[in-house]
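Peer 1: First the structure, then my questions, so here it is.
There are 2 protein chains.
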Amino acid sequence: MSLLVVGSLALDTVKTPFGSVEDALGGAAVYFSSAASYFSPVKMVGVVGDDFDAAALDYLKARNTDLRGVETRNGKTFRWGGVYGSDLNSRETTFTHLNVFESFQPKIPAEYRDSEYVFLANIGPELQADVLNQIQGPKLVALDTMNYWIDGSLSALREVLRSVQVLVINDSEAQQLSGEWNLVKAARAIFKMGPELLIVKKGEHGALMIFKDVSFFYAPAYPLEVLHDPTGAGDSFAGGFMGYLAQAGEINPDHFKRALVVGSTMASFCVEQFSVKRLVDLSQGEIEERFNEFWRMTQFQPF
Amino acid sequence: MSLLVVGSLALDTVKTPFGSVEDALGGAAVYFSSAASYFSPVKMVGVVGDDFDAAALDYLKARNTDLRGVETRNGKTFRWGGVYGSDLNSRETTFTHLNVFESFQPKIPAEYRDSEYVFLANIGPELQADVLNQIQGPKLVALDTMNYWIDGSLSALREVLRSVQVLVINDSEAQQLSGEWNLVKAARAIFKMGPELLIVKKGEHGALMIFKDVSFFYAPAYPLEVLHDPTGAGDSFAGGFMGYLAQAGEINPDHFKRALVVGSTMASFCVEQFSVKRLVDLSQGEIEERFNEFWRMTQFQPF
Chain A
982 MSLLVVGSLA LDTVKTPFGS VEDALGGAAV YFSSAASYFS PVKMVGVVGD DFDAAALDYL
1042 KARNTDLRGV ETRNGKTFRW GGVYGSDLNS RETTFTHLNV FESFQPKIPA EYRDSEYVFL
1102 ANIGPELQAD VLNQIQGPKL VALDTMNYWI DGSLSALREV LRSVQVLVIN DSEAQQLSGE
1162 WNLVKAARAI FKMGPELLIV KKGEHGALMI FKDVSFFYAP AYPLEVLHDP TGAGDSFAGG
1222 FMGYLAQAGE INPDHFKRAL VVGSTMASFC VEQFSVKRLV DLSQGEIEER FNEFWRMTQF
1282 QPF
Chain B
982 MSLLVVGSLA LDTVKTPFGS VEDALGGAAV YFSSAASYFS PVKMVGVVGD DFDAAALDYL
1042 KARNTDLRGV ETRNGKTFRW GGVYGSDLNS RETTFTHLNV FESFQPKIPA EYRDSEYVFL
1102 ANIGPELQAD VLNQIQGPKL VALDTMNYWI DGSLSALREV LRSVQVLVIN DSEAQQLSGE
1162 WNLVKAARAI FKMGPELLIV KKGEHGALMI FKDVSFFYAP AYPLEVLHDP TGAGDSFAGG
1222 FMGYLAQAGE INPDHFKRAL VVGSTMASFC VEQFSVKRLV DLSQGEIEER FNEFWRMTQF
1282 QPF
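The listed protein sequences correspond, in order, to chains A and B.
Plus 981 on top of the position in the first sequence (first one is 1) and you've got the numbering used here.
Plus 981 on top of the position in the second sequence (first one is 1) and you've got the numbering used here.
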């Protein structure tokens, strides 16, 4: 099945208690594709500057990622800098240079327009809507957003949400979007906006999935002993989730549940190293073994 | 199997965004017994003042709770007051009047001394050690503690931990006790102190159990839509955990896992109402149904 992602490609400068990197490969579309491409071919749409080393994406090409939708423009690539606190839960953004990303207008190549699975990474909701207008009848659209858009572009966000089946956001964003502290109440409010499935990312506390009938599925985060850099965890999670669904082909609750665990699996690899290092050359065996660790961590007998 | 709990009986004055109560039944031993007594007879040790209405514990008596270890002394019962913030995660203690609890010296009645399962609720570690000295060869001892004792009575705490199999604490306490931010590293450090099983309570984020071989089991918190008062959730959790183990009789990893989910089940009921209201007259069916909700929200197929 065909899987499209639209989002940022970036060069990140990150400092954590465990080290630092400068101008390292990053961006939502990159993390997403790095995780998703283990499960499904990915079609990528984004923009880089003429300073971007195209060879940095060779590992994605080797895993059937279609880069024809990645535009190269005159100017510099989007750069982001951040510093994490000692427990890795707090983060301070040191700079955001949008550069060529500032005027990003997603152009969906003709060969991408029949994509069945679509992930709209965290960009402006008008652009997310514009992407959907260029796609013919997708089977499943998932969307990520952030406080910035909920604050500043709420009506555009509400508009695009009407065409979205899966909303993937963190707990504070779910609260802000719905105006509800309680996540169950937040889910009820969000289901009225369009989405049929809410995934609440809770970082080190895992991810809660709420179905439209207000039943739940929960995947913990893997308790890692070595954890270097949380950057990209959410997008790697989304990549594993959507990649698995695209591979599975059929959409049903059991696939959503396993997809949530695949997402958590890929996020757990992501944070073990800086940038996408850990996501470059995982083996199928490593992924299955980690997935089964999640299984062992959660299984018990009912009454 | 016989289950002993030593800890506080209190009258709580609590305010949350959903209401308030004054001098309501509370205390660690009360919450623990309220949950545990659905699974196993409980022997309770604690102290109340002469202002305590003994009839308040009739519901526990009716569920085979032995109250002969609850001393009544001249003076007032331990009183605690707290106010919760809008998201129920932050709590401010408004007063702590120890009253008769200040000079509490646990005396274990002769009939209690062969107790096989022992829960040492959060009291001074010297008193916890004193309890263990009065018990003959218990099968399983679990202990709760808090930042106050880790700060002020660390050597006494380290001493009693040598005789404890299960440590039940929250994440910040595990970090403080071990000096490690990372919970896996914290567990390794704590295993060197005596315990063979670490349960990290994470409130609304569930509970992580770490076995001595550093394998994991995770139970989420139930996503409640109606949640009135988090007071006592941790002790209700411990009560469900120990009550289930005492009922099961045999100690093995599968029982520990189900016990963790029973603990989470009882905590989820506790927080639905103020004080112990929700724990007074649950039916077996309600408990099994909630337990099976946890099962449905975590089960998936491995690779």
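Think of the CB as a built atom: it goes at the ideal place given N, C-alpha and C, for glycine as much as any other residue.
These numbers were taken from a predicted model, which means no experiment stands behind them.
#1: Ignoring anything shorter than 4 residues, give me the alpha helix (DSSP H) runs that lie fully in the stretch 992-1036 of chain A, in order along the chain.
#2: Is any non-hydrogen atom of the ligand NAP found closer than 6 Å to the C-beta of residue 1083 of chain A, if you look at the structure I gave you?
#3: Anyone know if the C-beta pair for residue 1062 of chain A and residue 1075 of chain A falls short of 7 Å?
#4: In chain B, which residues lie with their C-beta within 9 Å of the C-beta of residue 1130 of chain A?
#5: For the putative contact between residue 1024 of chain B and residue 984 of chain B, defined by C-beta atoms under 8 Å, what is the C-beta separation to the nearest angstrom?
#6: Which two residues bound the contiguous alpha helix (DSSP H) that contains residue 1233 of chain A?
#7: Where residue 1210 of chain A and residue 1203 of chain A are concerned, what is the direct C-alpha to C-alpha distance, given to the nearest angstrom?
#8: With a threshold of 7 Å between beta carbons, is residue 1174 of chain A in contact with chain B?
#9: Compare the beta carbon distance of residue 1013 of chain A and residue 1216 of chain A with 7 Å and say whether it is the shorter of the two.
#10: Let me check understanding here. Comparing Cα to Cα, which of A:1225, A:1052 and A:1156 lies closest to residue 956 of chain A?
#11: Buried or exposed, going by whether 16 or more other CB atoms sit within 10 Å of the CB of residue 998 of chain B?
#12: Run through chain A and tell me which residues come within less than 7 Å of residue 1238 of chain B, C-beta to C-beta.
#13: Starting from residue 1266 of chain A, follow the beta strand (DSSP E) in both directions and report where the run begins and ends.
#14: Helix or strand or just coil, what does DSSP make of residue 1163 of chain B?
#15: Quick check: the stretch 1042-1061 of chain B against the stretch 1134-1154 of chain A, are at least 3 beta-carbon pairs closer than 8 Å?
#16: Looking at residue 1102 of chain A and residue 1010 of chain A, is the spacing between their C-beta atoms short of 7 Å?
#17: Any idea what DSSP makes of residue 1198 of chain A, helix, strand or coil?
#18: What whole-angstrom Cβ distance do residue 1081 of chain B and residue 1044 of chain B have, given they're in contact under 8 Å?
#19: Taking any Cβ of chain A, which residues in the stretch 1229-1254 of chain B have a Cβ under 9 Å from it, in chain order?
#20: Taking 7 Å as the threshold (beta carbon to beta carbon), is residue 1342 of chain A in contact with chain B?
#21: Determine, for residue 1278 of chain A, whether the minimum Cβ-Cβ distance to residues of chain B falls below 7 Å.
#22: Taking only the alpha-carbon atoms, compute the straight-line gap between residue 1232 of chain B and residue 1226 of chain B and give it to the nearest angstrom.
#23: Classify residue 1098 of chain A: buried if its beta carbon has 16 or more other beta carbons within 10 angstroms, exposed otherwise.
#24: Could you check whether the Cβ of residue 1201 of chain A sits closer than 7 Å to any Cβ belonging to chain B?
#25: Please report the distance separating the alpha-carbon of residue 1090 of chain A from that of residue 1134 of chain A.
Peer 2: In brief:
#1: 1009-1017
#2: The model depicted lacks the ligand NAP and carries no ligand whatsoever.
#3: As a position in the first sequence, residue 1062 of chain A is number 81, starting the count at 1. As a position in the first sequence, residue 1075 of chain A is number 94, starting the count at 1. Yes, the pair counts as a contact, with Cβ atoms nearer than the cut-off.
#4: Translated into the one-based positions of the first sequence, residue 1130 of chain A becomes position 149. Result: empty, since nearest Cβ-Cβ is about 22 Å, beyond 9 Å.
#5: Counted from its first residue, the second sequence places residue 1024 of chain B at position 43. Counted from its first residue, the second sequence places residue 984 of chain B at position 3. The beta-carbon separation of residue 1024 of chain B and residue 984 of chain B, rounded to 7 Å, stays under the 8 Å limit for a contact.
#6: Translated into the one-based positions of the first sequence, residue 1233 of chain A becomes position 252. Counting along the chain, residue 1233 of chain A falls outside any alpha helix (DSSP H), and DSSP gives it neither H nor E.
#7: Indexing the first sequence from 1 puts residue 1210 of chain A at position 229. Indexing the first sequence from 1 puts residue 1203 of chain A at position 222. Their backbone Cα atoms lie some 14 Å apart in a straight line.
#8: As a working note, residue 1174 of chain A is residue 193 in the first sequence. Interface with chain B (7 Å Cβ-Cβ cutoff): residue 1174 of chain A is excluded.
#9: Translated into positions along the first sequence, residue 1013 of chain A becomes position 32. Translated into positions along the first sequence, residue 1216 of chain A becomes position 235. Cβ atoms of residue 1013 of chain A and residue 1216 of chain A: closer than 7 Å.
#10: This structure cannot settle anything about residue 956 of chain A, because the visible part of chain A is limited to 982 through 1284.
#11: Here residue 998 of chain B refers to the residue found at position 17 of the second sequence. By the neighbour-count criterion, in which 16 or more other beta carbons inside 10 Å mark a residue as buried, residue 998 of chain B falls on the exposed side.
#12: Sequence index remark: in the second sequence, residue 1238 of chain B carries index 257 (1-based). In chain order, 1281 make up the part of chain A whose C-beta sits under 7 Å from the C-beta of residue 1238 of chain B.
#13: One-based indexing of the first sequence puts residue 1266 of chain A at position 285. First-last for residue 1266 of chain A: 1265-1279, but that is the alpha helix (DSSP H), not the beta strand (DSSP E).
#14: Counting from one through the second sequence, the residue named residue 1163 of chain B turns up at place 182. DSSP places residue 1163 of chain B in coil when its eight states are reduced to three.
#15: no
#16: Working through the first sequence from its first residue, we reach residue 1010 of chain A at position 29. Working through the first sequence from its first residue, we reach residue 1102 of chain A at position 121. Between residue 1010 of chain A and residue 1102 of chain A, the CB-CB gap stays under 7 Å.
#17: Here residue 1198 of chain A corresponds to residue number 217 of the first sequence, with the count starting at 1. DSSP places residue 1198 of chain A in strand when its eight states are reduced to three.
#18: Along the second sequence, read from residue 1 onward, the residue named residue 1081 of chain B stands at position 100. Along the second sequence, read from residue 1 onward, the residue named residue 1044 of chain B stands at position 63. With 8 Å as the limit, residue 1081 of chain B and residue 1044 of chain B do not qualify as a contact, their Cβ atoms being about 25 Å apart.
#19: 1235, 1238, 1239, 1241 and 1242
#20: What the structure shows of chain A is the stretch from 982 to 1284, and residue 1342 of chain A is not part of that stretch, so it cannot be assessed.
#21: To locate residue 1278 of chain A, count along the first sequence from 1; it is residue 297. Closer than 7 Å to some Cβ of chain B, the Cβ of residue 1278 of chain A qualifies, so yes.
#22: Mapped onto the second sequence, residue 1232 of chain B falls at position 251. Mapped onto the second sequence, residue 1226 of chain B falls at position 245. Between residue 1232 of chain B and residue 1226 of chain B, the C-alpha separation is close to 7 Å.
#23: Position 117 of the first sequence, counting from 1, holds the residue named residue 1098 of chain A. Residue 1098 of chain A sits buried, since 16 or more C-beta atoms from the chains shown fall within 10 Å of its C-beta.
#24: Position 220 of the first sequence, counted from the start, is the residue given in the question as residue 1201 of chain A. With 7 Å as the cut-off, residue 1201 of chain A counts as an interface residue toward chain B.
#25: Looking up residue 1090 of chain A in the first sequence gives position 109. Looking up residue 1134 of chain A in the first sequence gives position 153. Approximately 27 Å, taken between the alpha carbons.
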